[in-house]
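All letters in the sequence shown, in the order written, are residues -23 to -1, 1 to 203 by mature numbering (1 follows the signal peptide of the UniProt record, and there is no 0).
First up is the structure itself, then whatever we jot down about it.
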Amino acid sequence: MKILTIAPLALLCLLAVALSVHGYAYDFFYFVQQWPGSYCDTSSGCCYPTYGKPPSDFDIHGLWPNYNNGSYPSNCDPNNPFDLSKIQDLVSSLQPNWASLACPSSDSTSFWQHEWEKHGTCSETVLDEHSYFQDALNLKSMTKLLSCLKSANISPNGASYTLTSIKNAISTCIGHVPWIECNKDASGRYQLYQVYICVDHSGTTLIDCPIFPTGACGSSIIFPTF
């Protein structure tokens, strides 16, 4: 009886295809931070978490696995649900840095659950739940967006700034070009909402973005107070 063997290279190719089919393979992360003043300054408003108003600083939205072609995996493993006990030691850091502003008010746990189950499980071959949240906290400390902007005399004071000056301030600070997402305030004016920064496959190192998202943003945008 002849036993079929698969060459190591072919086996690796098959594994890559299998991972891609099941949504566990990805190329890089978008690390996304939002400005809470812009989240709240819309016609729908916001609700502070039950533990109090977050600091006047950029807030983590998520760490999102993406493909180089612009698509992304999601909800990759229903058998690995969010487990708060696995990140209990991080809660005191997550609450001020990764706060939910959605209504009704909450303790932000449902926000973290959503981010892990939709995005985090797609990186679980590299990051377990604890590593996923810890890496996001580390990336926020590494990027220091508000300090980057203030060093270029761009402050959350309700004034308008050019989109180019905001990008340049962040790029000069972190060494990589960010992508800026705007939303509109209650009067329909563009405002600085989210900043996308690209991170390598490990979730630890900033990189140049292989591809940027799409979306409209005015050439002059408001940086609202919070």
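Note that CB positions come from ideal geometry on N, CA and C, so glycine has one too.
Where residue i falls: helix, strand or coil (DSSP)
i: cysteine 99; result: helix
i: asparagine 74; result: helix
i: residue 210; result: This structure does not reach residue 210, given that the chain is present from -23 up to 203, and the question cannot be answered.
i: serine 87; result: helix
i: aspartate 66; result: helix
i: histidine -2; result: Low confidence applies here, because histidine -2 scores a pLDDT of 41, under 50, leaving its location unreliable; read the following figure in that light. Of the three classes helix, strand and coil, the one that applies to histidine -2 here is helix, per DSSP.
CB contact flag (residue i, residue j, <7 Å)
i: phenylalanine 8; j: valine 176; result: yes
i: isoleucine 64; j: histidine 107; result: yes
i: tyrosine 49; j: asparagine 43; result: yes
i: isoleucine 188; j: glycine 47; result: yes
i: aspartate 162; j: aspartate 18; result: yes
i: glutamate 158; j: glutamine 168; result: no
i: glutamine 10; j: leucine 140; result: no
i: phenylalanine 6; j: glycine 180; result: yes
i: proline 155; j: glycine 14; result: no
i: aspartate 84; j: threonine 27; result: yes
i: threonine 98; j: aspartate 54; result: yes
i: proline 201; j: glycine 135; result: yes
i: proline 110; j: leucine 61; result: Correcting the residue type first, residue 110 is phenylalanine in the shown sequence and not proline. No. Outside cutoff.
First through last residue of the alpha helix (DSSP H) which encompasses residue i
i: leucine 116; result: 106 to 120
For residue j and residue i, believed in contact at Cβ under 8 Å, the rounded distance
i: leucine 126; j: alanine 146; result: 5 Å
i: cysteine 23; j: leucine 71; result: So it is not a contact: roughly 18 Å between Cβ atoms.
i: tryptophan 75; j: tryptophan 93; result: Not a contact, Cβ separation roughly 11 Å.
i: serine 82; j: tyrosine 25; result: 6 Å
i: isoleucine 198; j: serine 137; result: 7 Å
Enclosing beta strand (DSSP E) for residue i [first to last residue]
i: glycine 39; result: 36 to 43
i: tyrosine 7; result: 5 to 11
*Write down every uninterrupted run of the beta strand (DSSP E) in the region 122 to 199 whose length is 3 residues or greater and which is fully enclosed by it, in chain order.*
137 to 139, 156 to 161, 167 to 176 and 197 to 199
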